[in-house]
Amino acid sequence: MALAEIIHHPLTYDEIRQKWLDLQKDPELRKRVLPPEILDSWERSSQYKIPRFTRENANFCTEAELREAQEKSRYLMEISLPVMESLQEFVAGTGFVVCLIDANAVALKALGDQESLDWAKGANLVRGSLWAEELIGTNAGTLSVSLARPISVYAYEYYCLFAIVSAASFCPIIDNGCVIGSIGMTARFERVSNHTLGMVVAAAKHIESKMVLDRVSKYHQVVMESMSDGVMVVDSNGTVTYMNKNCLKMLGLGNTSPVGCKIYELLGNNGDNQYFVNIVTQGRTVTDEFIVLTNGKTQIRCNITCTPLNSPNPYGAGSVIIIRENERINHIVGKWIGRSAKMTFSDIVGGNSKFQQVINMAKSASSSNSNVLLLGESGTGKDIIAQAMHNESPRKNNPFVAINCAALPRELIASELFGYEDGAFTGAKKGGNIGKFELANQGTIFLDEIGDVPLDLQVALLRVLEEKSVIRLGGTKLIPVNVRIIAATNKNLEEEIARNRFRRDLYYRLGVIRLNIPPLRERPEDIPCLVEHFLRVICQRFDKPVKKLTPGTIEALTNYPWPGNIRELQNVLEGAVQLADSDEITFDYLKEYLHLEAQVEHPSVNDRRDASLTVVDVERQMIADYLKKHDYNKNETAKALGMSRRTFYRRLHKYGLL
């Protein structure tokens, strides 16, 4: 008999009992009368050997087990209780009890009026009772959990005799794809209704929705509070409806909740703040716009992004504002773009006394905030020393920003160094651009080729050094910067000053500490160790076995004047490593490069590198010296020079040494 028929033609208790007895005796009748899922449950209950004629549920948790079950289901109970209370109020006086069980069919809570609860207590439907199928047979609660769907069980459909006086509807509560419990309504069989199952389904869905919303709310709270940016929501009237802790901190508002306050009351009504208030209350869309807010005597330099809330409900209108501190933006940009100082003093190779004196002075100057001017020819390693000084300084964890002043077009130097505001010039990026001085804030800026900066920009640079602040192109506000300047040039700045190409006052400002880096030709004793170092680094970079030079080749490199200094030596060795087909690099791999050099232009430090000598002269002298050193044994001399016999004899013939 269907539930609708039962409602219209209610059965008496005697009729229900007789039908239950008939079902217990006749398996074929069970197949015709019982729904498939209830029939399956009866068969399992029979296999469990559950006493069919038991007159009460005698299965209970211990107090310890109940506390453990309630602790595990605390979240379920917290979310479900308000829904259960609302449902209980709705069915008050109807005889129904509202029940909550966990996934193990432990009764966690039962609500109802006193008459209903007294009836439920008679069947031991109380807190801590156990309703698992293997303990008491077929019932709606355990079936809803195992089937993961709503179900009703009516009177004679229960497996045990004590339950046939009741009817129940239960619906599972599913969270993140798992059944965590079930909510149901049970009453005497006479109270059964078509609406009972619908009500528990609605209640279960309400609980599931509350769980989703609660989880989303918690995620939202965690995300908002973990953001390094300030987040604020303001309605169309300028009333704050949300503000995270970082926003409170940025705006200097302490820990007092600003929700419900007008934004202009929080910040104060002045010109700077009014522009911000207008953006927020007028529903304007802005992206990363630089503004200055004022709170008392404190100025807050920040970038804001304002996004209007589009809502058909006028009461839901407003804006979401993201506030980013300008200094933090600069720090992040500097961290990922500007912080490129990789070299340290331990990476610098050389034992020449003059060079070591320069390195020792550079180490001493590293801890100072005074400006440093590095002087020396191109390729002497001024940029390496600048990086090493930064990494030795207290600013090592802050940005290192390098800029080659000679590589920038004249019209772009100012915008690169000082930045520019939106619309400062034709082609300016929307929203403006941060300058290198702001990027290097709290760190070091390396101005390479400073001697190539135009005179008019030298004035602006001098002002930055004196005022410790910059003004972006097209802007009016001073932006404080705290940077340590290391400048470098291969020009003679005193000659440039004499020719009115460089400002004397800027020269003195930059050159508080001056370091003259000697060229490679003045430190020939460093060439062997530099060669060894570069060969190791180059071979590692190209995943090649470490190569070495023959003694004669090293001597040839030592006698060479190196007009391009260390950079030239490094490039020569890299080419030789790529060309050499063995682990030993002979002079043959270098001679063509060295022969490309013109007459030596640099003064020498010994007779072998006299200004009148060419590379050909150097090679002839080297071969003559090796012949003498090896008692004119041509085989030994060729081997020492790393030359094949054929090449060696060709050289002897060429230089008239046969």
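For the sequence shown, the residue numbers in this note's numbering are 75 to 732.
All residues carry an ideal CB built from backbone N, CA and C; glycine is no exception.
Taking residue i and residue j to be in contact with their CB atoms under 8 Å, please state how far apart those CB atoms are, rounded to whole angstroms.
i: G272; j: S310; result: Wrong, their Cβ atoms sit about 40 Å apart, outside the cutoff.
i: S441; j: P468; result: 7 Å
i: N645; j: G450; result: With a Cβ gap of about 18 Å, N645 and G450 do not count as contacting.
i: V172; j: L185; result: 5 Å
i: I378; j: V394; result: Actually they do not touch by this definition, with Cβ atoms about 11 Å apart.
i: L174; j: G255; result: 6 Å
i: T454; j: N639; result: 5 Å
i: M696; j: G626; result: 7 Å
i: S489; j: L547; result: 6 Å
i: N318; j: L204; result: Wrong, their Cβ atoms sit about 46 Å apart, outside the cutoff.
i: N320; j: G342; result: The pair is not a contact, with the Cβ atoms about 20 Å apart (cut-off 8 Å).
i: F236; j: R129; result: 5 Å
Using the beta-carbon count (16 or more within 10 Å), is residue i buried or exposed?
i: F127; result: exposed
i: P332; result: buried
i: V620; result: exposed
i: A214; result: buried
i: H464; result: buried
i: K703; result: exposed
i: Y581; result: buried
i: N352; result: exposed
i: P84; result: exposed
i: E102; result: exposed
i: N344; result: exposed
i: C252; result: exposed
i: E629; result: buried
i: L486; result: exposed
i: R725; result: buried
i: V165; result: buried
i: V266; result: buried
i: F616; result: exposed
i: R595; result: buried
Can you check DSSP and say which residues form a bridge with residue i?
i: D522; result: N478
i: M306; result: M317, I395
i: Q516; result: According to DSSP, which records beta bridges pairwise, Q516 is partnered with nothing at all.
i: F244; result: I225, G258
i: Q373; result: T368
i: V203; result: Per the sequence shown, residue 203 should be read as Ser rather than Val. DSSP output for S203 lists F134 as bridge partner(s).
i: R558; result: T518
i: Y494; result: N507, L547
i: I175; result: A181, S256
i: L589; result: L448
i: K38; result: No answer is possible for residue 38: it lies beyond the span of the chain, which begins at 75 and ends at 732.
Within 9 Å of any Cβ in chain B, is that where the Cβ of residue i sits?
i: R597; result: Absent from the structure: chain B. Only one protein chain is present.
Can you tell which of the options has the C-alpha that lies nearest to the C-alpha of residue i?
i: E495; options: I545, L221, L448; result: I545
i: A261; options: V227, Y293, V286, Y667; result: V227
i: E512; options: L631, T313, F492; result: F492
i: A476; options: K456, E485, M151, E466; result: K456
i: N507; options: T355, D362, Y316, R577; result: D362
i: C380; options: I365, W636, T372, Q373; result: I365
i: E399; options: E466, L486, Q461, M301; result: M301
i: L287; options: S256, S203, I153, Q162; result: I153
i: L383; options: E339, T315, A436; result: T315
i: A278; options: E299, D249, G304; result: D249
i: R577; options: L531, R106, V555, F608; result: L531
i: I281; options: M158, M324, G169; result: M158
i: N131; options: K105, K195, A415, T368; result: K195
i: C335; options: K319, T313, M324; result: T313
i: P593; options: L95, F429, Y349; result: F429
i: G326; options: Q461, D114, L367; result: L367
i: D657; options: G258, Y667, R610; result: R610
i: T418; options: D176, V432, I459; result: I459
i: G517; options: D526, A488, P473; result: P473
i: F549; options: N515, P156, G509, D526; result: The residue you asked about is not Phe; residue 549 is Gly in the sequence shown. Here the closest residue by C-alpha is G509.
i: W116; options: F134, L97, R129, N133; result: L97
i: S240; options: G169, M306, M151; result: G169
Is residue i a contact residue of the ligand COA, with contact defined as CB to any heavy atom under 8 Å?
i: S440; result: With respect to the ligand COA, the structure shown offers nothing to examine, as it has no ligands at all.
Quick one: any contact between the stretch 533-547 and the stretch 420-431, if contact means 3 or more CB pairs under 8 Å? no
Given 8 Å, three or more beta-carbon pairs between the stretch 242-256 and the stretch 270-287: yes
Would the stretch 575-585 count as touching the stretch 473-493 if we require 3 or more Cβ pairs under 8 Å? no
I want to know whether the stretch 293-303 touches the stretch 218-227 - three or more CB-CB distances under 8 Å. no
Cβ contact check for the stretch 598-613 and the stretch 565-580: 3 or more pairs under 8 Å: no
Between the stretch 650-665 and the stretch 712-721, can you find at least three pairs of beta-carbon atoms closer than 8 Å? yes
Do the stretch 230-240 and the stretch 87-102 make contact, defined as three or more Cβ pairs closer than 8 Å? yes
Inspect the CB distances between the stretch 555-562 and the stretch 515-534 and report whether three or more fall short of 8 Å. yes
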